[in-house]
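Asks: One structure, as structure tokens, below. Some questions next.
So, in structure tokens, the structure goes:
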């Protein structure tokens with residue numbers, strides 16, 4: 074079933090009627106000459122201009138791309154609110170294979186679409202896009218972050234993303250075991266790409282036992298070659314079932330925590346960099362019922378967005394690192410709120426973020 078525009082009715086229902094909707098604006102972008110097909114979703118601008126990355130991914134359908142943009146944009150509203158940023162949430166997705174379809178012409182066309190929003194949306198890197206891509210987009214759009222230092226930007230935001238996840242992991246250990254140290258803890262990292270490989274280095278520096286897996290064998294081999302003490306595991310399914318695993322860190326795409334994986338988890342803590350780890354509402358309760366402590370993804374992976382937001386006012390790495398270090402304290406506040414309210418940590422984080430957005434929306438416009 075579709076409406077007169079040809080859009081899937083279930084997508085429109087999500088946008089206008091469901092709890093997962095409530096978005097302010099969704100823009101469908103097409104440039105026939107370059108082949109660009111993109112979706113820009115703005116969930117909320119209550120706290121300020123929407124900020125979120127651009128994902129370049131070979132979606133199976135346009136409907137899947139729209140749904141992903143809606144989910145990711147909503148997540149960014151909560152992430153930016155919990156990070157204490159004066160930004161709302163937005164996200165963009167470009168439909169296509171970045172290895173085959175990405176071109177300078179396409180990125181420039183995309184930049185023009187972002188610029189047409191007049192600053193309501195600030196873009197950055199995400200899966201499938203990189204610093205060099207943002208340099209190209211910035212030639213058409215001044216509301217572009219994640220650029221190279223040579224072009225006035227902060228460079229790779231995955232460094233601070235990983236640092237923030239590491240702080241969230243330490244806070245989780247503090248809450249569960251009474252000690253933030255990760256030394257001798259057995260930690261499984263699923264996805265050792267842009268963020269995951271930095272996280273692995275933090276863990277090894279602290280003396281953790283690290284297991285890794287990735288759908289790309291070359292990524293696993295690169296990490297194993299650099300760090301012989303790391304133990305490669307065949308796949309994510311094998312990783313989550315590993316006996317004696319203390320912490321599981323999903324650092325690839327979303328939906329890692331679902332009706333199949335949660336019952337199989339051996340880890341006591343889940344804390345990773347991936348967005349939208351909970352495949353559907355209710356998974357957070359399943360984790361709590363099994364006694365598994367879940368550090369909400371959008372809280373612990375906020376280091377990157379802290380960095381790109383800082384880029385708008387003149388980037389200072391140490392200032393950003395200090396802000397990202399506070400993810401440790403924020404995570405503990407969420408665990409305390411969850412215990413106080415008798416709800417899972419994911420629900421507690423949502424309540425805190427929603428309260429901040431609600432209070433901002435009530436303030437009179439000057």
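Numbering (my numbering), first residue to last: 74 to 439. Positions of the beta carbon are idealized from the N, C-alpha and C atoms, including for glycine.
Just confirm the distance between the C-beta atoms of residue 165 and residue 142, as a whole number of angstroms; I'd bet it's less than 8 Å.
Replies: That belief holds up - the Cβ atoms of residue 165 and residue 142 are roughly 7 Å apart, short of 8 Å.
Asks: So, are the CB atoms of residue 293 and residue 305 less than 8 Å apart?
Replies: Going by C-beta atoms, residue 293 is nearer than 8 Å to residue 305.
Asks: Excluding five sequence neighbours on each side, which residues of the same chain lie with their C-beta closer than 6 Å to the C-beta of residue 217?
Replies: Result list for residue 217: 196, 207, 210, 211, in chain order.
Asks: Tell me whether the beta-carbon of residue 146 lies closer than 8 Å to the beta-carbon of residue 126.
Replies: Not closer than 8 Å, so no.
Asks: Alpha carbon to alpha carbon, how far is residue 380 from residue 233? Give it in angstroms, no decimals.
Replies: Between residue 233 and residue 380, the C-alpha separation is close to 7 Å.
Asks: Based on the DSSP output, what are the partners of residue 491 in its beta bridges?
Replies: As shown, the chain starts at 74 and ends at 439. That puts residue 491 outside it, with no answer to give.
Asks: Who are the near neighbours of residue 77 in its chain, counting only those whose CB is closer than 6 Å to its CB and skipping five residues on each side?
Replies: Confidence is the limiting factor: at residue 77 the pLDDT is only 34, short of 50, which leaves the residue's position unreliable, though a coordinate-based value still follows. Nothing listed; no residue qualifies.
Asks: Taking the alpha-carbon positions, what's the residue 167 to residue 248 distance?
Replies: Looking at the two C-alpha atoms, the distance is approximately 39 Å.
Asks: Taking only the alpha-carbon atoms, compute the straight-line gap between residue 273 and residue 201 and give it to the nearest angstrom.
Replies: Answer to the nearest angstrom: the Cα atoms are 21 Å apart.
Asks: With DSSP run on the structure shown, which of helix, strand or coil describes residue 464?
Replies: Lying outside 74 to 439, the shown extent of the chain, residue 464 is not represented and no answer is given.
Asks: Buried or exposed: residue 350, going by 16 or more other Cβ atoms within 10 Å of its Cβ?
Replies: Label assigned to residue 350: buried.
Asks: Can you tell me where the beta strand (DSSP E) with residue 222 in it begins and where it stops?
Replies: That residue, residue 222, is in no beta strand (DSSP E); it is neither H nor E in DSSP.
Asks: Classify residue 336 as buried or exposed, calling it buried when 16 or more other Cβ atoms lie within 10 Å of its own Cβ.
Replies: Result: exposed.
Asks: Out of 370, 339, 429, 332, which has the shortest C-alpha to C-alpha gap to residue 353?
Replies: Comparing Cα-Cα distances from residue 353 to each of 370, 339, 429, 332, the minimum goes to 332.
Asks: Could you pull the start and end residues of the alpha helix (DSSP H) that residue 336 belongs to?
Replies: Residue 336 -> alpha helix (DSSP H) spans 334–337.
Asks: Pick from 157, 107, 115, 118: whose alpha carbon is nearest that of residue 404?
Replies: Nearest of 157, 107, 115, 118 to residue 404, Cα basis: 157.
Asks: Return helix, strand or coil for residue 286, following the three-state DSSP convention.
Replies: In this structure, residue 286 counts as strand in the three-state DSSP scheme.
Asks: Taking contact to mean 3 or more Cβ pairs, one atom from each stretch, closer than 8 Å, check whether the segment 267–284 and the segment 320–327 are in contact.
Replies: Touching, per the Cβ criterion.
Asks: Would you kindly work out how many angstroms separate the C-alpha atoms of residue 431 and residue 139, rounded to a whole number?
Replies: Each residue's Cα considered, the two are about 26 Å apart.
Asks: Mind checking whether residue 265 and residue 229 have CB atoms under 8 Å apart?
Replies: It is not a contact, given that the beta carbons lie outside the stated cut-off.
Asks: Using a threshold of 8 Å, state whether the C-beta atoms of residue 330 and residue 284 are closer than that.
Replies: Not a contact, by the Cβ cut-off of 8 Å.
Asks: Helix, strand or coil for residue 167 per DSSP?
Replies: Correct three-state label for residue 167: strand.
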